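Inspection log for the structure reproduced underneath, given as structure tokens.
Number of protein chains: 2
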Amino acid sequence: MPLPPGLSAADFDNVCRELRSVVGEQWVVTADEKVASYHDPYFPGTGGQHLPSGAVLPASVEEIRAVLGIANRVRLPLWSVSLGRNYAYGGGAPCLDGSMVLDLKRMQGIEVNEQLAYAIVEPGVTFFQLYRHIQDKKYRLWISCPAPGWGSVLGNTLERGIGYTPHGDHAGQQCGMEVVLANGDVIRTGMGAMTDNPAWPLYRYSYGPSLDGLFMQSNLGVVTKIGVWLMPEPEMYSPVDIGVDREEDIVALIDTLRPLRLDGTIPTATIANWMRIVATQTTRAQWYDGKDAMPPGAIEKLKKTMRIPHWGLRFGLYGPIKVVDEKFKIVQKAFSSTGNARIARARYPRGAKIAPHHQAAAGIPDVELMPLNWMGGTGAHIECPPVVPMIGAQAYELYRERTALFASYGFDHYSGFTTTTPRTFFNTGSIIFDRSDPEMTGRARELSAALIRDAAKSRLGGYRGHISEMDLIAEQFDFNRHAAMRTYELLKDAMDPEGILSPGKQGIWPKALRTARREGERK
Amino acid sequence: MPLPPGLSAADFDNVCRELRSVVGEQWVVTADEKVASYHDPYFPGTGGQHLPSGAVLPASVEEIRAVLGIANRVRLPLWSVSLGRNYAYGGGAPCLDGSMVLDLKRMQGIEVNEQLAYAIVEPGVTFFQLYRHIQDKKYRLWISCPAPGWGSVLGNTLERGIGYTPHGDHAGQQCGMEVVLANGDVIRTGMGAMTDNPAWPLYRYSYGPSLDGLFMQSNLGVVTKIGVWLMPEPEMYSPVDIGVDREEDIVALIDTLRPLRLDGTIPTATIANWMRIVATQTTRAQWYDGKDAMPPGAIEKLKKTMRIPHWGLRFGLYGPIKVVDEKFKIVQKAFSSTGNARIARARYPRGAKIAPHHQAAAGIPDVELMPLNWMGGTGAHIECPPVVPMIGAQAYELYRERTALFASYGFDHYSGFTTTTPRTFFNTGSIIFDRSDPEMTGRARELSAALIRDAAKSRLGGYRGHISEMDLIAEQFDFNRHAAMRTYELLKDAMDPEGILSPGKQGIWPKALRTARREGERK
Chain C
91 MPLPPGLSAA DFDNVCRELR SVVGEQWVVT ADEKVASYHD PYFPGTGGQH LPSGAVLPAS
151 VEEIRAVLGI ANRVRLPLWS VSLGRNYAYG GGAPCLDGSM VLDLKRMQGI EVNEQLAYAI
211 VEPGVTFFQL YRHIQDKKYR LWISCPAPGW GSVLGNTLER GIGYTPHGDH AGQQCGMEVV
271 LANGDVIRTG MGAMTDNPAW PLYRYSYGPS LDGLFMQSNL GVVTKIGVWL MPEPEMYSPV
331 DIGVDREEDI VALIDTLRPL RLDGTIPTAT IANWMRIVAT QTTRAQWYDG KDAMPPGAIE
391 KLKKTMRIPH WGLRFGLYGP IKVVDEKFKI VQKAFSSTGN ARIARARYPR GAKIAPHHQA
451 AAGIPDVELM PLNWMGGTGA HIECPPVVPM IGAQAYELYR ERTALFASYG FDHYSGFTTT
511 TPRTFFNTGS IIFDRSDPEM TGRARELSAA LIRDAAKSRL GGYRGHISEM DLIAEQFDFN
571 RHAAMRTYEL LKDAMDPEGI LSPGKQGIWP KALRTARREG ERK
Chain W
91 MPLPPGLSAA DFDNVCRELR SVVGEQWVVT ADEKVASYHD PYFPGTGGQH LPSGAVLPAS
151 VEEIRAVLGI ANRVRLPLWS VSLGRNYAYG GGAPCLDGSM VLDLKRMQGI EVNEQLAYAI
211 VEPGVTFFQL YRHIQDKKYR LWISCPAPGW GSVLGNTLER GIGYTPHGDH AGQQCGMEVV
271 LANGDVIRTG MGAMTDNPAW PLYRYSYGPS LDGLFMQSNL GVVTKIGVWL MPEPEMYSPV
331 DIGVDREEDI VALIDTLRPL RLDGTIPTAT IANWMRIVAT QTTRAQWYDG KDAMPPGAIE
391 KLKKTMRIPH WGLRFGLYGP IKVVDEKFKI VQKAFSSTGN ARIARARYPR GAKIAPHHQA
451 AAGIPDVELM PLNWMGGTGA HIECPPVVPM IGAQAYELYR ERTALFASYG FDHYSGFTTT
511 TPRTFFNTGS IIFDRSDPEM TGRARELSAA LIRDAAKSRL GGYRGHISEM DLIAEQFDFN
571 RHAAMRTYEL LKDAMDPEGI LSPGKQGIWP KALRTARREG ERK
């Protein structure tokens with residue numbers, strides 16, 4: 091394990107002893123095999139980088155404050171994670187070698203209010219736990235969650251993660267935060283800035299500036315509580331699947347979806363390509379044995395044999411039964427003239443048992459991971475989804491460019507367009523690879539960087555990215571010679587002058603660690 | 091006119107000469123009668139406070155940068171306004187005597203995209219202008235606006251103002267900003283941090299922390315552009331009016347509204363009390379001639395004669411005709427068991443002429459001001475609406491407390507509960523007074539402060555307030571010995587070290603102007 095920058099082995103031992111006196115003996119982790127659990131499970135081979143020196147697990151705000159006090163004194167970099175399940179983006183691993191992981195998984199407070207449909211959660215609460223808490227109390231509320239339910243609600247929300255219900259834009263449903271700043275000060279945002287104000291988890295703004303956004307994808311504070319708005323259980327949930335056969339049909343599919351998304355008929359929706367549809371059910375080896383990307387003929391054969399469309403659009407309709415049925419008629423009419431669209435739906439009145447493949451859009455967490463067996467071996471994936479305007483022709487052009495880029499690195503294009511906001515998609519282009527194969531892992535990494543640069547040529551930027559690419563993505567945000575980054579750095583220097591919180595997160599480095607090049611840009 | 095703090099008359103002359111060389115001769119205002127147009131029209135008698143020294147009107151980002159350069163050098167406080175129409179909250183007047191108004195009304199750029207339903211506006215664009223622009227281009231888009239249309243879209247949005255359509259939470263529809271920081275740096279937030287990224291007005295988050303919230307109700311930067319999401323014109327707009335007769339019926343009214351607001355059946359809605367319903371049609375003198383608040387008997391007589399309910403709930407239903415009609419059935423059924431509710435509706439299919447009293451909820455701007463004639467004389471009003479959870483019993487208790495407080499200062503209680511967010515109301519309690527009457531004006535001011543303190547006893551805080559009460563409201567936000575204010579001040583010192591931008595805005599003062607008491611709290 092590397093040491094924290096600037097600390098000798100003896101210094102680090104002393105720091106760990108101090109930390110143990112705060113959090114208790116067993117909650118400072120330095121044994122190699124235990125620290126290894128914080129490595130990125132999908133990118134063990136990133137050149138020996140992104141390795142933590144250890145981990146510290148405080149159980150309370152007071153313990154966090156004491157840990158920050160020590161870290162400020164010795165300039166110990168702390169990489170904050172809620173549960174470290176940020177898979178495809180780095181897991182629990184830090185940007186900076188030798189950072190100590192500040193693991194908040196012991197903080198598991200949950201409070202749910204049925205009448206006003208909200209929860210307040212601490213970092214260690216998983217989607218499963220929140221779901222079970224609501225089930226146990228028999229509250230008529232739904233959560234929104236990503237496909238796998240073992241991640242942190244708070245962590246996922248801060249990273250602006252997504253789900254598949256109408257509340258799928260998780261950051262958009264966050265209301266109220268408690269944050270420990272690097273200087274140890276504890277703030278509550280919004281109405282929480284008044285002690286015991288009941289509107290803390292109800293009203294998302296402040297009197298004065300709103301601070302919440304500062305702590306999303308951020309290293310400006312340690313978030314210890316967030317409010318999350320929940321959705322009242324609808325009278326009916328009706329998932330809809332629409333399939334079209336030709337690659338170019340995505341243009342009409344999106345241009346039909348857009349007005350229905352904008353007027354609220356359709357909430358969160360996902361368009362999956364053939365590979366995303368089929369990758370749970372089969373592997374590449376069954377269809378093609380070349381080293382290059384699967385050629386169109388093999389793809390067509392797969393589609394025909396597996397009876398899958400080229401694109402599948404999936405979303406739910408939610409609400410009173412008659413409203414849902416009227417909305418479905420509108421959807422049916424709108425898409426009937428879209429390519430050779432096949433439209434299927436299910437109807438789940440309140441209380442009905444929901445089929446497994448329809449559970450994600452009902453906020454029911456699953457253990458399912460991404461379908462990572464496509465290439466065989468030890469499956470892994472990496473992501474940097476750009477934010478794409480909801481315009482058919484633009485999305486199709488981007489898809490074709492990216493398919494060609496995937497192919498030029500020998501990969502098949504696993505692609506999805508998810509709209510959690512009414513005017514944009516996240517275009518996931520998952521690179522699925524065998525992480526036991528160093529050559530393929532290297533190619534995956536090169537492709538990932540190429541996709542980021544290619545998106546920027548189309549003036550599109552990533553919404554999120556892997557720790558190894560955070561700087562590269564940040565660099566693409568070049569307005570007024572990187573004015574946004576200059577402002578982030580101004581805030582970083584003011585709010586965390588010793589640079590102890592998650593150095594490098596989203597490309598934001600403390601003063602002492604900024605490169606000469608970046609300093610040159612500051613001007 | 092007062093001089094800026096620390097500047098002699100000769101210094102100020104020199105500064106104005108420099109400013110004129112930047113913006114042009116006629117765009118620096120120092121003549122008394124012209125500067126007076128920036129005084130608060132509703133509070134001319136605030137003890138000779140809140141008086142600007144002059145105004146400067148830049149026409150571009152470059153001119154703003156040059157003005158800031160001069161202001162930083164001589165520590166000239168600049169009070170930024172878009173149009174200065176922040177009536178009831180101070181108009182264009184500054185917190186700090188001698189501040190120069192930075193009036194942005196010359197910046198009037200508008201860009202509207204019909205396909206993706208957004209606008210980008212500069213500070214000088216009024217709701218009228220945006221509305222007319224859309225009408226002229228025949229775009230099928232609706233804006234949301236407060237009742238009067240002569241205010242700035244950008245200014246209203248930054249103050250978290252409200253409208254009456256489903257987009258009534260104006261801050262919630264903001265997407266993308268351009269801001270000039272005190273140091274002259276120009277940033278674009280969100281995807282705008284990448285040059286020419288088309289998702290700037292489409293996707294409201296950033297790669298990294300979100301900065302937009304920092305510039306709402308703020309003195310941390312000068313906002314020069316915002317993106318605003320617009321609403322596609324619905325197939326049908328159906329305004330609904332529900333009246334109940336007894337004061338205590340508000341409990342059932344709110345508890346029936348809440349689940350329908352939470353599940354999306356009802357969007358933005360307003361509950362008005364008898365006085366808010368009737369104040370456009372009559373004046374107090376017709377019903378009561380006492381100096382004290384109108385007694386219950388007189389109110390009952392007024393209600394009976396004018397045939398108005400004690401409470402009126404008004405909202406629109408929007409969407410495809412059949413969906414709207416199904417939603418109305420649901421509304422009808424839900425409220426049929428609420429007191430002796432009378433339910434009326436209108437139906438406006440696309441293209442139909444909308445009656446004047448139904449235009450606000452269709453985003454059609456009006457010239458109408460608040461009904462200020464209630465007390466006779468020269469009508470004025472002042473506001474500090476607290477944010478109130480959407481729970482019937484809590485709202486009713488607060489209403490009774492506030493009615494008694496209004497009465498103890500000799501005022502009738504003009505009250506409205508507006509829900510632009512799904513879980514809270516802004517409870518407007520407008521103090522309508524005759525500003526030509528110094529005694530009554532003084533009482534209005536005392537009542538306003540008493541309402542703020544009383545709300546804080548119930549642990550409720552204001553969403554916005556008058557310049558003369560910004561400190562008082564801020565003081566109520568006391569969590570962890572005013573930790574939020576400490577954080578605002580930390581940011582203020584970092585982002586505006588010379589303290590030139592809108593000193594005192596929302597209680598945030600630059601270092602040199604903080605009082606000893608406030609410094610004591612910082613700790």
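Going down the list, the protein sequences come from chains C and W.
Heads up: the first sequence begins at 91 in my numbering, then just goes up one per residue.
Heads up: the second sequence begins at 91 in my numbering, then just goes up one per residue.
Glycine is no exception: its CB is placed at the ideal position from the N, C-alpha and C atoms.
Because the structure is a prediction, the values reported are computed rather than measured.
Asked	Found
Could you tell me which whole alpha helix (DSSP H) segments of length 4 or greater appear in the region 491-525 of chain C?	none
Do I542 of chain C and L562 of chain C have their C-beta atoms within less than 7 Å of each other?	yes
Which residues in chain W have a C-beta closer than 9 Å to the C-beta of D339 of chain C? List them in chain order.	The premise fails here: D339 of chain C is roughly 20 Å from chain W at the closest Cβ pair, so nothing lies under 9 Å.
Rounded to the nearest angstrom, how far is the Cβ of L168 of chain W from that of M190 of chain W, given a contact under 8 Å?	6 Å
So if DSSP puts T247 of chain C in a beta bridge, which residue, or which two residues, is it bridged to?	Per DSSP, none; premise fails for T247 of chain C.
Based on the DSSP secondary-structure assignment, which residues constitute the bridge partners of P322 of chain W?	W:L231
Are N684 of chain W and E579 of chain W touching if we call contact CB-CB under 7 Å?	Residue coverage of chain W in this structure runs from 91 to 613, which leaves residue 684 of chain W outside it and unanswerable.
Quick one: which chain C residues come within Cβ less than 7 Å of N287 of chain W?	R549, L550, G551
Is V112 of chain C close to chain W, meaning its C-beta is less than 7 Å from at least one C-beta of that chain?	no
Do P95 of chain W and G214 of chain W come within 7 Å of each other at the CB atom, strictly closer than that value?	no
So Y578 of chain W is in the alpha helix (DSSP H); what residue range does that whole segment cover?	573-585
Taking C-beta pairs closer than 7 Å, name the residues in chain W that V71 of chain C reaches, listed in chain order.	Look at the range of chain C in this structure, 91 to 613, and you will see that residue 71 of chain C is not part of it.
Could you pull out every unbroken beta strand (DSSP E) segment of at least 3 residues lying fully inside the region 193-237 of chain W, listed in chain order?	200-203, 208-211
For chain C, find out if any of its Cβ atoms is closer than 7 Å to the Cβ of L158 of chain W; answer yes or no.	no
Excluding the five sequence neighbours on either side, which residues of its own chain have a C-beta within less than 6 Å of the C-beta of L617 of chain C, listed in chain order?	Here chain C has residues from 91 to 613 only, and residue 617 of chain C is not among them.
So, does the region 486-504 of chain W touch the region 367-384 of chain W, judging by three or more C-beta pairs under 8 Å?	yes
If you draw a straight line from the C-alpha of E108 of chain W to the C-alpha of D527 of chain W, how long is it?	41 Å
Would you list, in sequence order, the uninterrupted beta strand (DSSP E) runs of no fewer than 3 residues that lie entirely inside the region 399-434 of chain W?	401-409
Would you say Q566 of chain C reaches chain W, if we count a Cβ-Cβ gap shorter than 7 Å as a contact?	yes
Given a limit of 9 Å on CB to CB distance, which residues of the region 561-590 of chain C reach chain W?	I563, A564, Q566, F567, D568, F569, N570, H572, A573, A574, M575, R576, T577, Y578, L580, L581, D583, A584, M585
Output, in sequence order along the chain, the residues in the region 510-536 of chain C whose CB is closer than 7 Å to any CB in chain W.	T511, R513, T514
The beta strand (DSSP E) with Q264 of chain C in it runs from where to where?	264-270
So, with DSSP's three-state summary, where would you put R554 of chain C?	coil
For chain W, find out if any of its Cβ atoms is closer than 7 Å to the Cβ of T605 of chain C; answer yes or no.	no
Mind listing the chain A neighbours of G409 of chain C? Cutoff is C-beta to C-beta under 8 Å, in chain order.	Here the protein chains are C and W, and chain A is not one of them.
Using a 10 Å radius around the Cβ and a threshold of 16 neighbouring Cβ atoms, would you call Q376 of chain C buried or exposed?	exposed
Less than 7 Å between C-beta atoms, sequence neighbours within five positions excluded: which residues of the same chain meet that for A539 of chain W?	E559, L562
For K315 of chain C, list the residues DSSP reports as bridge partners.	C:E268
Look at the alpha carbon of V269 of chain W and the alpha carbon of V312 of chain W, and state the distance between them as a whole number of angstroms.	5 Å
Compute the beta-carbon to beta-carbon distance between T355 of chain C and I411 of chain C, rounded to the nearest angstrom, for a pair I have assumed lies under 8 Å.	About 16 Å; that fails the 8 Å criterion.
Please tell me whether M321 of chain W and P439 of chain W are closer than 7 Å, where the distance is taken between their beta carbons.	no
Taking its Cβ as the centre, do 16 or more other Cβ atoms sit within 10 Å of G138 of chain W, making it buried, or is it exposed?	exposed
DSSP three-state label for S242 of chain C, please.	strand
Quick one: using the 10 Å Cβ neighbour count with 16 as the cut-off for buried, is T395 of chain C buried or exposed?	exposed
Hey, could you find the ends of the beta strand (DSSP E) P479 of chain C is sitting in?	477-479
Where does R437 of chain C fall in DSSP's three states?	coil
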